[in-house]
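The sequence shown begins at 1165 in the numbering used here and counts up one residue at a time. The C-beta atom is built at its ideal place from N, Cα and C for all residues, glycine as well. Since the model is a prediction, treat every value here as computed from it, not as a measurement. Structure first, commentary second.
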Amino acid sequence: MISLVTVCLFLLLAVVWLYPSKLEGPAVMGEIAEIFIRSIGPWSGIVFFAGAFAALYSTAFNYFDGWPRVVAACSRNLFRRTAALEGLTRERLAGEHRRRWYSEYNIYRLTMLFSLVAAVGIIAGLPRPVFLVLLASALALFIAPVIYFLNIYLCLKIIPREDAGFYPSPFATGASLASFAVFSAFTLIAMLELIFGIQVFGRS
1165 MISLVTVCLF LLLAVVWLYP SKLEGPAVMG EIAEIFIRSI GPWSGIVFFA GAFAALYSTA
1225 FNYFDGWPRV VAACSRNLFR RTAALEGLTR ERLAGEHRRR WYSEYNIYRL TMLFSLVAAV
1285 GIIAGLPRPV FLVLLASALA LFIAPVIYFL NIYLCLKIIP REDAGFYPSP FATGASLASF
1345 AVFSAFTLIA MLELIFGIQV FGRS
């Protein structure tokens, strides 16, 4: 793994040195394709774009399946009526699972439909869809420290103290809390700079 990372670093440095470019944004993708075409040949552009399409398609496919599963599982854990009609596989689906909108199966399907309609609406109606990526990153900045803290808290509350193999040791707990404090501080600094324009650390 170390050798692989080292080789990738040297290759990236070589590409930057051989093909310097100041392009930014979507134009970078075309520039990368041009590097392949100029270095290897015109046929490599097809291979590059096929790989890029496969990567994007697999990401979208995982999202459209994974996100509805998360919503359905959370609904099952939160609501008793959904828990009584749990299951997504065909073997576990009865008539009630298909008829009741609040069954885990129907919540899964409704969330998938919502994702499809929202995605088409964003592509068709939003001038700069990449804005949503920036917005999602900003929201993650708010939520990430909360999730981090809840992970520590639940490990301490749910895992029995007697279970020495899984219960966090004092060192692990202290390191986690220290990491949480540093993480929260840097998140706060980033929020102050990005949202309010307050420079916590001076720029030279």
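**Report entry** Backbone secondary structure at glycine 1329 - three-state DSSP
**Finding:** In this structure, glycine 1329 counts as coil in the three-state DSSP scheme.
Query raised in the report: Is it right to say glutamate 1268 is buried, meaning 16 or more other beta carbons lie within 10 angstroms of its own, or is it exposed?
Result: Around the beta-carbon of glutamate 1268, 16 or more other beta-carbon atoms lie within 10 Å, marking it buried.
**Report entry** Outcome for leucine 1249 when other beta-carbon atoms lying within 10 angstroms are tallied against a minimum of 16
**Finding:** Residue burial annotation: leucine 1249 is buried, with at least 16 other C-beta atoms found within 10 angstroms of its C-beta.
Query - Buried or exposed (CB count within 10 angstroms, at least 16 for buried), serine 1222 - result: By the 10 Å Cβ count, serine 1222 comes out exposed.
Report task. Evaluate arginine 1240 with the Cβ neighbour count: other Cβ atoms within 10 Å of its Cβ, from every protein chain shown; 16 or more gives buried, anything less gives exposed. Result -> Result: buried.
Query - Neighbour-count burial assignment, alanine 1236, 16 or more Cβ in a 10 Å radius - result: Label assigned to alanine 1236: buried.
Requested in this report: Report the three-state DSSP secondary structure of alanine 1258 (helix, strand or coil).
Outcome: Note: alanine 1258 maps to coil in three-state DSSP.
**Report entry** Per-residue burial, tyrosine 1272 [other beta carbons within 10 Å of its own, 16 or more giving buried]
**Finding:** Its Cβ being crowded by 16 or more others within 10 Å, tyrosine 1272 is buried.
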